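Just so we're aligned: 202 in my numbering is position 182 of the sequence shown, and the numbers increase by one with no gaps anywhere. Notes for the one structure printed next.
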Amino acid sequence: MTLAISWSSLKRWELCHHRHYRTLRGEVSRIPFKRSMLPGSIVDLIEREWLSETDPRPGGMRKIAPDVIDRLTNPDRGDDAFEPFTYKGDPRADHDAIVSFVHRCIDALEPVLMRLVVPHDYQPEVPFSPIIGIPYLDGQLVGIRLRGRIDIVSRLRYPDLGFAKGDFINYDLKATVNDAYISTTLGQGTFYDLGWQAWHGVRPSRFGFIAPALEQQLWWSDIADQDRAVMMDRIIAMAHGMWRGSWDPKIDDEGCDYCEARHACVKFSKHLVTDDVGRRRISFEESLSRRWEGRAYELGEQVAADEGEARRPGAAAGSAGG
Ligand code: SF4
């Protein structure tokens with residue numbers, strides 16, 4: 021099986037190798053769908069359905085909105101896209117707040133898409149999964165898969181935005197209210213740029229983040245060759261780390277309290293020792309020494325045994341998920 025790397029798995033790996041390892045083994049708690057993610061999911065679906073219409077028109081998103089909101093907030097509808105969530109405070113007031121935010125987003129989003137996307141050829145929700153060649157640990161070329169899904173792929177029908185007819189410009193929707201968030205995710209544009217070029221054989225001219233809830237609603241990610249080289253280095257570092265079986269937990273504890281793999285994490289595991297009268301006791305000292313001395317975990321050996329087959333070129337590793 022070919023090693024597959026997505027943007028989210030790359031971020032997870034870089035955050036904590038051990039968290040990624042536990043995710044691959046299916047040893048993570050299910051992350052409950054957060055109420056804070058609901059408005060973004062609704063806006064995303066409205067955008068997709070509106071762009072999938074044969075002739076998207078101004079005002080169309082407002083017509084679609086009531087049904088999409090109901091499908092994603094009303095469990096009785098039994099919609100596949102529904103995820104259980106808990107309202108914040110008074111459910112009626114919170115539902116009104118969600119509707120109000122969604123309306124604010126789509127009222128800002130529609131003119132942006134009417135200007136940038138609708139006049140051209142376009143497709144919402146486009147997956148990519150090309151195989152690219154990278155050096156294996158011994159320097160031999162081996163294939164890995166890049167995986168992702170682009171919110172909107174557009175191809176210019178006439179020269180526009182400073183680019184030529186036929187050029188690709190791709191977009192991702194971010195229904196965030198936090199300006200700082202956009203700068204943390206610019207790398208996603210570079211990852212998608214590499215993935216789309218390898219998949220389609222054409223380098224996109226530009227990648228844009230559309231953030232309808234922010235004052236600045238369009239954020240261009242102008243990707244230079246240097247950015248692509250840095251992203252390839254990150255991808256290769258992840259692949260090599262996985263092939264080597266480098267599954268150590270992160271040294272610091274930032275984010276550990278909210279980690280879905282914490283219950284299975286070796287850094288926080290309780291180690292049993294046998295006391296003088298033969299009782300099994302938890303050794304916190306042992307846990308602490310494992311945690312702070314940075315000693316090698318036997319786990320690496322275990323993974324090497326489990327996935328030894330998968331780390332060889334030609335039979336390389338499992339999906340990186342995400
Ligand atoms: S609890 Fe912390 S160290 Fe352990 S897997 Fe999660 S992020 Fe990594």
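Just so it is clear, CB atoms sit at the ideal spot from N, CA and C, and this is done for glycine as well. These numbers were taken from a predicted model, which means no experiment stands behind them.
Of all the options the options, which has the alpha carbon lying nearest to the alpha carbon of residue i?
{"i": "His40", "options": "Gly207, Ser289, Ala281", "result": "Ala281"}
{"i": "Thr22", "options": "Gly228, Tyr156, Phe183", "result": "Tyr156"}
{"i": "Asp247", "options": "Ile271, Glu274, Tyr212, Gln236", "result": "Tyr212"}
{"i": "Arg68", "options": "Gly207, Leu35, Val137", "result": "Val137"}
{"i": "Val119", "options": "Pro104, Ala101, Met81, Arg97", "result": "Met81"}
{"i": "Met57", "options": "Arg112, Ala85, Thr196, Asp87", "result": "Thr196"}
{"i": "Lys270", "options": "Ser26, Leu35, Ala24", "result": "Leu35"}
{"i": "Arg5", "options": "Arg42, Leu44, Gly261, Pro139", "result": "Shown here, the chain extends from 21 to 342; a query on residue 5 therefore has no answer."}
{"i": "Trp27", "options": "Val250, Arg167, Ala284", "result": "Arg167"}
{"i": "Thr74", "options": "Gly186, Thr43, Cys125, Asp141", "result": "Asp141"}
{"i": "Cys125", "options": "Arg169, Thr106, Gly109, Ile62", "result": "Ile62"}
{"i": "Ser174", "options": "Tyr201, Ala128, Ser225", "result": "Ser225"}
Residue i by DSSP, collapsed to three states: which one?
{"i": "Val119", "result": "helix"}
{"i": "Phe211", "result": "helix"}
{"i": "Ile256", "result": "helix"}
{"i": "Leu238", "result": "strand"}
{"i": "Pro24", "result": "In the sequence on display, residue 24 carries Ala and not Pro. Ala24 falls in the strand class under three-state DSSP."}
{"i": "Gly153", "result": "strand"}
{"i": "Val286", "result": "helix"}
{"i": "Val297", "result": "coil"}
{"i": "Glu145", "result": "strand"}
{"i": "Glu327", "result": "Reliability of the predicted coordinates at Glu327 is poor, the pLDDT of 43 falling under 50, and the value obtained from them is presented with this limitation in mind. Residue state, collapsed to three classes: helix."}
How many Å lie between residue i and residue j at the Cα?
{"i": "Leu133", "j": "Glu47", "result": "41 Å"}
{"i": "Gly228", "j": "Met258", "result": "26 Å"}
{"i": "Trp263", "j": "Leu234", "result": "41 Å"}
{"i": "Lys54", "j": "Ser149", "result": "28 Å"}
{"i": "Ile243", "j": "Asp273", "result": "33 Å"}
{"i": "Asp114", "j": "Pro59", "result": "11 Å"}
{"i": "Ser289", "j": "Ile51", "result": "20 Å"}
{"i": "Pro95", "j": "Glu103", "result": "8 Å"}
{"i": "Arg165", "j": "Asp253", "result": "15 Å"}
{"i": "Leu30", "j": "Ile255", "result": "7 Å"}
Please check if any C-beta of chain B sits within less than 8 Å of the C-beta of residue i.
{"i": "Ala249", "result": "Here chain B cannot be found, since the structure has a single protein chain."}
| query | Any residues whose CB sits closer than 7 Å to a heavy atom of ligand 1? List them in chain order? | reply | Leu35, Cys36, His38, Arg39, Arg42, Pro269, Lys270, Asp273, Gly275, Cys276, Cys279, Ala281, Arg282, Cys285, Lys287, Phe288
| Can you list the alpha helix (DSSP H) stretches of 4 or more residues lying completely in the region 61-130, in chain order? | 80-93
| request: Just list the alpha helix (DSSP H) runs in the region 160-232, keeping only unbroken ones of 4 residues or longer that don't cross its boundaries, in chain order. | output: 199-204, 206-220
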